[in-house]
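All remarks here apply to the structure that follows.
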Amino acid sequence: MRIAVVGAYGAGKTTLIAAATARIGLPAAHGTPMRDPAGSRPTPLEQTTEPELIQLVVRRHAERLLAEAAHPEGFLSDGSLLHEWVYATVRLAVGLHPGSYQNTQIVTADPDSPYRSVLDHLGREFIQRALTSYDAFVHLPVEFPLHDTPPPISEHFRTLSDRLLLTTLHATGIPVHTATGSLEARLHTLQTLTSRPPEGRPRADADSHA
197 MRIAVVGAYG
207 AGKTTLIAAA
217 TARIGLPAAH
227 GTPMRDPAGS
237 RPTPLEQTTE
247 PELIQLVVRR
257 HAERLLAEAA
267 HPEGFLSDGS
277 LLHEWVYATV
287 RLAVGLHPGS
297 YQNTQIVTAD
307 PDSPYRSVLD
317 HLGREFIQRA
327 LTSYDAFVHL
337 PVEFPLHDTP
347 PPISEHFRTL
357 SDRLLLTTLH
367 ATGIPVHTAT
377 GSLEARLHTL
387 QTLTSRPPEG
397 RPRADADSHA
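Every number in the numbering used here is 196 more than the matching position in the sequence shown, counting from 1.
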């Protein structure tokens, strides 16, 4: 079974997957951190320019595809093919530390910005690819505050990211399962999901992406 464990930054994806691989028996699929754009000086992610950010999104997307393809029998993906696109879309729309007045229901690319327009079109491609890449998504909602000092993003950025992610997933019709509570409770949700056959998906059967 091919499962993407998704959620905003700091939601506990990596912690859950690390605990689940031994118990469930599915391997983990990871990408590399989004850093150091090729062809330029090493740059912290929060300081990357718009074109550099898009370059990093494409690179991480390709790396994640390769990591998942290495496990055709099934995997637990730390994030998904939509993960970096969601981060970049929210960042280009509202910045890393948006004010709380921002509408949490709507995060869209500005058609007047060429970079945001490019990112919007990349998102359409990534969504189509996700439809054939996963049997289900396990969503970890924002339940715990960030402990990073200083935090790389604001709590409101996390809320906006989570909202865009869920809105996008629900629009595709891909099954989304919510795992909440303690690590043990989340593991139980994941274990229950992997013990039953994959659910029907809107466009392709579970064997179409081997």
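Even glycine gets a Cβ: it sits at the ideal position worked out from N, Cα and C.
These numbers were taken from a predicted model, which means no experiment stands behind them.
Query                                                                                                                                                 : Result
State the beta-bridge partners of R198 as determined by DSSP.                                                                                         : F271
From Q243, V253, V254, V282, pick the residue whose C-alpha is nearest to that of L361; which is it?                                                  : V282
For L342, which residues in the same chain have their Cβ closer than 6 Å to its Cβ, ignoring the five residues on either side in sequence?            : G206
Per DSSP, what are the beta-bridge partners of A332 in this structure?                                                                                : I199
Touching or not, the stretch 284-294 and the stretch 254-274, by the rule of three or more beta carbon pairs under 8 Å?                               : no
Residues in the same chain with beta-carbon distance under 6 Å from Y297, minus the five sequence neighbours each way, listed in chain order, please. : Any reading at Y297 needs caution, since the residue's pLDDT is 49, under 50, leaving its predicted position unreliable; the model's value is listed next. Correct list: empty, nothing qualifies.
Roughly how many whole angstroms lie between the Cα atoms of R255 and T376?                                                                           : 31 Å
What are the start and end residues of the alpha helix (DSSP H) that includes V253?                                                                   : 246-265
Could you please give the first and the last residue of the uninterrupted alpha helix (DSSP H) stretch that includes D366?                            : Residue 366 is actually His in this sequence, not Asp. Where H366 is concerned, the enclosing alpha helix (DSSP H) stretches over 351-368.
Below 8 Å between beta carbons: does that hold for L212 and V202?                                                                                     : no
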